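The opening position of the sequence shown corresponds to residue 2 in my numbering, with each subsequent residue numbered one higher. Built from N, CA and C at the ideal position, the CB exists for glycine as well. Note that the structure is predicted; figures quoted are calculated from it, not measured.
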Amino acid sequence: MIYKSFLPSPCLSDFVRNYTVINFDFTKNETPPTKHRSPKPEQKIVFYIKGRVNLLETQNGRTRTPPPVSIYNHQRDKRNLQVTSEFLAFIIYLQPGVLHRLLEIPMSNFPGDYLDAELVFNTEVRLISEQLAAAESPLLMISVIEQFLLSKSKRLVDRSPIDAVAKYILSGPTSFSLDAIANQANLSTKQFYRNFVQRIGMTPKLFSRLTRFNHAYQYKLVNPATTWSSIAQEYGYTDYHHMEKEFKEFIGATPKEWVNTELKAPERLLKLR
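And the structure:
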């Protein structure tokens, strides 16, 4: 079993943030624990190689099963994931703006939160899935994927300064001035806002807030002795109560409650993370 991330080759670093391989193998009579997943500012391509995942929407109780190869836009709400006993997936986390460049549509026109990758790449992704299933190691899987991605990346139009700004926000979210980052992209504030939504898929403020929220709780998971007040200060919240309010807005739980939920995730119970 494995839950591990890998960096892309240098030639694809402007295209891919990282690859993640997830392999769970529970006994047939054992129901895998539910994965509670917070909203995340990320766009990705997922190959479900073995088994499947069911998305349980907490707001309406609906259950959906994504296609075998799915392209995902940002996850804007909390949801629960239930995987089958045997599960293998290969995830390509894309750099900001890449999905817009691949699809050549405004991200506001993206149909829902995911779509069937065959609608974009045709049946080529079926062959890639077969090759991934036959690969005997994560490194061989990456080799298969990078051959596929290199052919796609060469056809992309040049990236925009907005993509670089979004990448910067992902690396270290803090409070920012919209005027300042618009100037960094050589655009007026209105132009920057409009183009950011078109290319990235959400407003700059929401993108930054979601990024900060994810950084904050992930920091606590890695540094459990650090107080929540210190984390709030580190990530630019006014105080702990400001941070708690944002957690409740995004996931309906306090920071402590959410971290306790994260500690019960399948990958953590299996000690893969």
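query	result
Only counting the same chain, and skipping five residues up and downstream in sequence, which positions put a Cβ closer than 6 Å to that of S144?	none
From the DSSP output, which residues share a beta bridge with Q76?	K41
Please report the residue range of the beta strand (DSSP E) in which E131 lies.	From DSSP, E131 is part of no beta strand (DSSP E) but of the alpha helix (DSSP H) over 125-135.
Assuming the contact rule is C-beta atoms closer than 8 Å, G113 and R200 should be a hit. Round their C-beta distance to whole Å, please.	About 19 Å; that fails the 8 Å criterion.
If you follow the alpha helix (DSSP H) that N196 is in, where does it begin and where does it stop?	190-201
Would you kindly report the start and end of the unbroken alpha helix (DSSP H) that includes R102?	99-104
Can you give, in chain order, each stretch of the alpha helix (DSSP H) that sits fully within the region 193-260 and has at least 4 residues?	205-223, 229-235, 241-252
Give the straight-line distance between the Cα atoms of R38 and S172, rounded to the nearest whole angstrom.	20 Å
What does a CB cutoff of less than 8 Å around I46 pick up in its chain, not counting 5 residues either side in sequence?	V70, S71, I72, Y73, I92, I93, L95, A118
Grab me the residues of W259's own chain with a C-beta within less than 8 Å of its C-beta, minus the 5 sequence neighbours each way, in chain order.	S39, Y218, F248, I252
Let me confirm a value: P267 is counted as buried when at least 16 other C-beta atoms fall within 10 Å, else exposed. Which label applies?	buried
Which residues bound the beta strand (DSSP E) around V54?	54-58
Could you give the C-beta distance for A90 and F48, rounded to a whole number, given that I count them as a contact under 8 Å?	7 Å
So what's K155 in DSSP terms, helix, strand or just coil?	coil
Where does E137 land, buried or exposed, given buried means 16+ other C-beta within 10 angstroms?	exposed
Evaluate contact between the region 53-68 and the region 154-172, counting only Cβ atoms and requiring at least three cross-stretch pairs below 8 Å.	no
Please report how far the alpha carbon of E109 lies from the alpha carbon of Q192, in whole angstroms.	For the sequence presented, residue 109 should be read as Ser rather than Glu. Near 16 Å, if we compare the C-alpha coordinates of Q192 and S109.
Suppose the cutoff is 7 Å on Cβ atoms and the five residues either side in sequence are ignored; what does the same chain contact list for F7 look like?	N19, Y20, P139, I143
So A118 is in the beta strand (DSSP E); what residue range does that whole segment cover?	Note, A118: premise wrong, no beta strand (DSSP E); not H, not E.
Excluding the 5 residues flanking L264 on each side, which residues of the same chain have their C-beta closer than 8 Å to its C-beta?	L222
Identify, in the order they occur along the chain, each residue of the same chain with its Cβ nearer than 8 Å to the Cβ of P147, setting aside the five sequence neighbours on each side.	A small correction: the amino acid at residue 147 is Glu; Pro does not occupy that position in the sequence shown. P9, S10, L13.
Of the residues M2, P34, N30, A181, which one's Cα is nearest the Cα of T262?	P34
Check the C-beta distance from P67 over to L56 and give it rounded, since I have them as a contact under 8 Å.	7 Å
Apply the 10 Å Cβ neighbour rule to P225 and answer buried if 16 or more other Cβ atoms are within range, or exposed otherwise.	exposed
Can you check which of these residues, I129, Q234, A134, T204, is closest to H216 by C-alpha distance?	Q234
Is the separation between the beta-carbon of H75 and that of E105 shorter than 8 Å?	no
Go to K168, then tell me how far its beta strand (DSSP E) extends in each direction, as first and last residue.	Where K168 is concerned, there is no enclosing beta strand (DSSP E), although the alpha helix (DSSP H) it sits in stretches over 162-172.
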